[in-house]
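Q:
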Amino acid sequence: MLELKNISRNFGGFDLRDINFTVRKGDYFLLLGPSGAGKSLLLEMIAGLTLPDSGSVLLNGSDITTMSIPARRIGIVFQDHAIFPHMTVRKNLAYSLHGLKKDETERRITNISSRLLMTGLLDRKPATLSGGELQRVALARTLIREPEILLLDEPLSSIDARIKSDLRRLLREIHRGGQTIMHVTHDYEEALSLATRIAVMDHGKILQTGTPAEVFQHPRNGFVAHFIGVRNFFPAKLITVEGLLYAVTGGDLRIRINDGQENETGFVMIRGEDIVLSERPLESSAVNSFPGIISEIVKTPFGIDISVECGELLHAVITEQSLASLHLEEEKTVWLTIKATAVKFISG
Amino acid sequence: MLLGALVLLFIVAPVAGLLFSSSPLKLFETIKEQEVRQSILLTLLVSFTATALFAVAAIPFSWLLARYDFPLKRLVTAIIDLPVVIPHSAAGIALLGLISRDTLLGRIGSAAGINFVGHPAGIMLAMAFVSLPFLINAARDGFMSVPVRLEKAALTLGASQARVFLTISLPLAWRNILSGLILMFARGMSEFGAVIIIAYHPMITPIMIYERFTSFGLKYAQPVAVIFILIVLLFFLLLRFLSNKTSR
Numbered sequence: 010m011l012e013l014k015n016i017s018r019n020f021g022g023f024d025l026r027d028i029n030f031t032v033r034k035g036d037y038f039l040l041l042g043p044s045g046a047g048k049s050l051l052l053e054m055i056a057g058l059t060l061p062d063s064g065s066v067l068l069n070g071s072d073i074t075t076m077s078i079p080a081r082r083i084g085i086v087f088q089d090h091a092i093f094p095h096m097t098v099r100k101n102l103a104y105s106l107h108g109l110k111k112d113e114t115e116r117r118i119t120n121i122s123s124r125l126l127m128t129g130l131l132d133r134k135p136a137t138l139s140g141g142e143l144q145r146v147a148l149a150r151t152l153i154r155e156p157e158i159l160l161l162d163e164p165l166s167s168i169d170a171r172i173k174s175d176l177r178r179l180l181r182e183i184h185r186g187g188q189t190i191m192h193v194t195h196d197y198e199e200a201l202s203l204a205t206r207i208a209v210m211d212h213g214k215i216l217q218t219g220t221p222a223e224v225f226q227h228p229r230n231g232f233v234a235h236f237i238g239v240r241n242f243f244p245a246k247l248i249t250v251e252g253l254l255y256a257v258t259g260g261d262l263r264i265r266i267n268d269g270q271e272n273e274t275g276f277v278m279i280r281g282e283d284i285v286l287s288e289r290p291l292e293s294s295a296v297n298s299f300p301g302i303i304s305e306i307v308k309t310p311f312g313i314d315i316s317v318e319c320g321e322l323l324h325a326v327i328t329e330q331s332l333a334s335l336h337l338e339e340e341k342t343v344w345l346t347i348k349a350t351a352v353k354f355i356s357g
Numbered sequence: 175m176l177l178g179a180l181v182l183l184f185i186v187a188p189v190a191g192l193l194f195s196s197s198p199l200k201l202f203e204t205i206k207e208q209e210v211r212q213s214i215l216l217t218l219l220v221s222f223t224a225t226a227l228f229a230v231a232a233i234p235f236s237w238l239l240a241r242y243d244f245p246l247k248r249l250v251t252a253i254i255d256l257p258v259v260i261p262h263s264a265a266g267i268a269l270l271g272l273i274s275r276d277t278l279l280g281r282i283g284s285a286a287g288i289n290f291v292g293h294p295a296g297i298m299l300a301m302a303f304v305s306l307p308f309l310i311n312a313a314r315d316g317f318m319s320v321p322v323r324l325e326k327a328a329l330t331l332g333a334s335q336a337r338v339f340l341t342i343s344l345p346l347a348w349r350n351i352l353s354g355l356i357l358m359f360a361r362g363m364s365e366f367g368a369v370i371i372i373a374y375h376p377m378i379t380p381i382m383i384y385e386r387f388t389s390f391g392l393k394y395a396q397p398v399a400v401i402f403i404l405i406v407l408l409f410f411l412l413l414r415f416l417s418n419k420t421s422r
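Read top to bottom, the protein sequences are chains A and B. Quick note on this note's numbering: the first sequence kicks off at 10 and runs consecutively. Quick note on this note's numbering: the second sequence kicks off at 175 and runs consecutively.
1) For Asp101 of chain A, does the three-state DSSP call read helix, strand or coil?
2) Since Pro135 of chain A contacts Leu143 of chain A with CB under 8 Å, what's their CB separation in whole angstroms?
3) Below 8 Å on the Cβ atoms is my contact criterion, and I expect Ala232 of chain B with Leu306 of chain B to pass it. Report the Cβ-Cβ distance as a whole number of Å.
4) Roughly how many angstroms separate the alpha carbons of Arg337 of chain B and Lys308 of chain A, rounded to a whole number?
5) Evaluate Pro261 of chain B with the Cβ neighbour count: other Cβ atoms within 10 Å of its Cβ, from every protein chain shown; 16 or more gives buried, anything less gives exposed.
6) Along the chain, which unbroken stretches of the alpha helix (DSSP H) at least 4 residues long are found entirely within the segment 218–256 of chain A?
7) Taking the beta carbon of Lys48 of chain A as the centre, do at least 16 other beta carbons fall within 10 Å, making it buried, or is it exposed?
8) Check for me: the alpha helix (DSSP H) holding Gly296 of chain B runs from which residue to which?
9) Quick one: any contact between the segment 385–393 of chain B and the segment 358–366 of chain B, if contact means 3 or more CB pairs under 8 Å?
10) Under three-state DSSP, which class holds Glu318 of chain A?
11) Say whether chain A places a C-beta atom closer than 8 Å to the C-beta of Lys172 of chain B.
12) Are there 16 or more other CB atoms within 10 angstroms of the CB of Gly283 of chain B, so buried, or fewer, so exposed?
13) Check whether the Cβ of Arg323 of chain B lies closer than 8 Å to any Cβ atom in chain A.
14) According to DSSP, Ser356 of chain A sits in a beta bridge with which residue or residues?
15) At a CB-CB cut-off below 8 Å, which residues of chain A make contact with Ser353 of chain B?
16) Can you tell me where the alpha helix (DSSP H) holding Gly178 of chain B begins and where it ends?
17) List the residues of chain A whose Cβ lies closer than 8 Å to the Cβ of Ile345 of chain B, in chain order.
18) In chain B, which residues lie less than 7 Å from Leu58 of chain A when you measure between Cβ atoms?
19) Would DSSP call Arg81 of chain A helix, strand or coil?
20) Gly84 of chain A and Leu13 of chain A look like a contact to me (Cβ under 8 Å); what is the Cβ gap, rounded to whole Å?
21) At a CB distance below 8 Å, what residues from the segment 127–153 of chain A approach chain B? Give them in sequence order.
22) Assign Gln396 of chain B to one of two classes, buried (16 or more other C-beta atoms within 10 Å of its C-beta) or exposed (fewer than that).
23) In this structure, does DSSP put Met8 of chain A in helix, strand or coil?
24) If we count Cβ pairs, one from each stretch, closer than 8 Å, do we get three or more for the segment 309–319 of chain B versus the segment 85–92 of chain A?
25) Kindly list the residues whose CB is nearer than 8 Å to the CB of Glu339 of chain A, restricted to its own chain and excluding five residues on each side of it in sequence; keep chain order.
26) Buried or exposed: Pro245 of chain B, going by 16 or more other Cβ atoms within 10 Å of its Cβ?
27) Shorter than 8 Å from the beta carbon of Ile233 of chain B to some beta carbon of chain A?
28) Across which residues does DSSP place Asn305 of chain A in a beta bridge pair?
29) Run through DSSP, which three-state label would Val343 of chain A get?
30) Using the three-state DSSP reduction, which class does Asn267 of chain A fall into: helix, strand or coil?
31) Run through chain B and tell me which residues come within less than 9 Å of Gly84 of chain A, C-beta to C-beta.
32) Note down, in chain order, every chain B residue with its Cβ under 7 Å from the Cβ of Ala91 of chain A.
33) Using a Cβ cut-off of 8 Å, which residues of the segment 176–208 of chain A contact any Cβ in chain B, in chain order?
34) For Met10 of chain A and Val32 of chain A, which I take to be in contact (beta-carbon distance under 8 Å), what is that distance rounded to the nearest angstrom?
35) Could you tell me the alpha carbon to alpha carbon distance between Leu227 of chain B and Ala300 of chain B, rounded to whole angstroms?
36) Please check the pair Pro221 of chain A and His192 of chain A, which I expect to be a contact at CB under 8 Å, by giving their CB distance rounded to whole angstroms.
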């Protein structure tokens, strides 16, 4: 278990202020925030590469705030991988096993490289590897030391889409194997299906912490709502009816969707801006059209937030003008129209 | 173009002229002189020792200079370059003031049985004094080209600071350091001004060239000069070869 207590640090023009959160054993903890929010600095602080001005970092109850870097059992994978260019992949993997017996070192290398599907890379030099391969080497090199917690700095940001889904699957497997993970990113979509807990950070402060459902469905303030952009976020399962693909949510809302595999489970996401409200059903090519009852109308800095109960509580975002012209009121029935292309499905 | 050619000619002409000044037979006869061979051996050996001994401290020091900011760092960097700009005879005088028999260092040396003045140990100090900046600057540039990220990654993998230095920083900066070592070695063995003040004897080759010139004349000094220049050129070519490889 990793705890950060009242961590503050002044970087001259940029502050980390009163950072508090806990990553429990077995968590996949996702730290979300725009670039420049201080996420990477926070990771460096946990790894010991930067010291806080005040506050403490606790690992399994013992204070490691000022403990030397090598003595911490914390693994970090940097965004640029930081693979040692003058060593083969095998030597990179063996680096942290210094002092171990040769056959034990070999055993661990064989073990981790087959787990991460990279046995073919062992005798290669880093300069000959692709971005995705370097990422695997970096993960393997860190995991081979069996860290208490694995810190990942934007691990999915610099690789192409096809490899991204492979890597996401790999991270999920590593997590299922019992590894506690803290993952930092500015892109909520990439890792939403991975996270068991989320913290949202901006300008050096943690704004909200909770499960993905808590944070996405009940953002605590305007920034969180705006940043994560999606309040319509529901666990769902894909089914086909008469050859058409639908996502069915826990509240039995059926939403037409374009991409996905039948019987897959995961999450559907719809941006509030993509929901069109009308007093009567719209004559349109959009395939999702259903009625609901307005439960709440709230003005936010980003528009008018309309909550509609229709099996699930959906949040639509409209402009002031639309609100006036549509004569919307709480308790009134309204029709929702959503294009199938506006519905995103993330397997998880 | 023409000006460039003139400048180039100005450098090439005296060296080329000198190289062709002595017949191969004369050169061969000179090499056969034991005095000459001993002097060249002494020069190479002392300069090599100076480079090797001072590298042990200078290379980690260069790493510190590349990695850390500290108060008065600019002053420290300036001090390192000082031996390059001060007249080497003055450097010799300064060094002599530090190691002559009545000083603290001189007494420590005497207790250990070494009188620096007129001793290879004194020559070594003089050579190191004027050539050390070349090693420190090259090594510092080398370390600066190693991404800090790699050292940090190594630390998080459980390696001690010393192991990180030996297994990551040093191998990755190795080419620059090697150039620095060769440069220091070559510069050290060419030193005349500082050495002549500390030790006329035992005679290193640059001093032997001077002595033969003043005592016996140009014709007598030329063959020794040619042989020594050829040796220095050899190391110079090696250096160019290595730094070419680095830039590719």
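Virtual Cβ for every residue (Gly too), placed ideally from N, Cα, C. Model, not experiment: these values are computed from the prediction.
A: The short version:
1) It should be noted that the sequence gives Asn, not Asp, for residue 101 of chain A. In this structure, Asn101 of chain A counts as helix in the three-state DSSP scheme.
2) 7 Å
3) About 6 Å separates the two Cβ atoms, so the contact holds.
4) Approximately 59 Å, taken between the alpha carbons.
5) exposed
6) List check, alpha helix (DSSP H) in window: 221–226 and 231–237.
7) buried
8) Pro294 to Met318
9) no
10) strand
11) One cannot answer for residue 172 of chain B here, as it falls past the ends of chain B, which runs 175 to 422.
12) buried
13) For Arg323 of chain B, the answer is yes, since a Cβ of chain A falls inside 8 Å of its Cβ.
14) A:Gly275
15) Correct list: empty, because the minimum Cβ distance to chain A is about 17 Å.
16) Leu176 to Leu193
17) Residue 345 of chain B is actually Pro in this sequence, not Ile. What Pro345 of chain B touches in chain A: His95.
18) Lys326
19) coil
20) 17 Å between Cβ atoms; not a contact.
21) Per Cβ criterion, the list reads Arg150 and Thr151.
22) buried
23) Look at the range of chain A in this structure, 10 to 357, and you will see that residue 8 of chain A is not part of it.
24) Output reads no: the segment 85–92 of chain A does not touch the segment 309–319 of chain B.
25) Hits under 8 Å: Ile303, Ser304, Glu305 and Ile306.
26) exposed
27) Residue contact with chain A for Ile233 of chain B: absent (no Cβ-Cβ distance below 8 Å to any residue of chain A).
28) Here residue 305 of chain A is Glu; the residue named in the question, Asn, does not match the sequence. Per DSSP, A:Ser316.
29) strand
30) coil
31) Simply Thr330 and Leu331.
32) Arg323, Leu324 and Ala327
33) none
34) 7 Å
35) 13 Å
36) About 12 Å separates the two Cβ atoms, so there is no contact after all.
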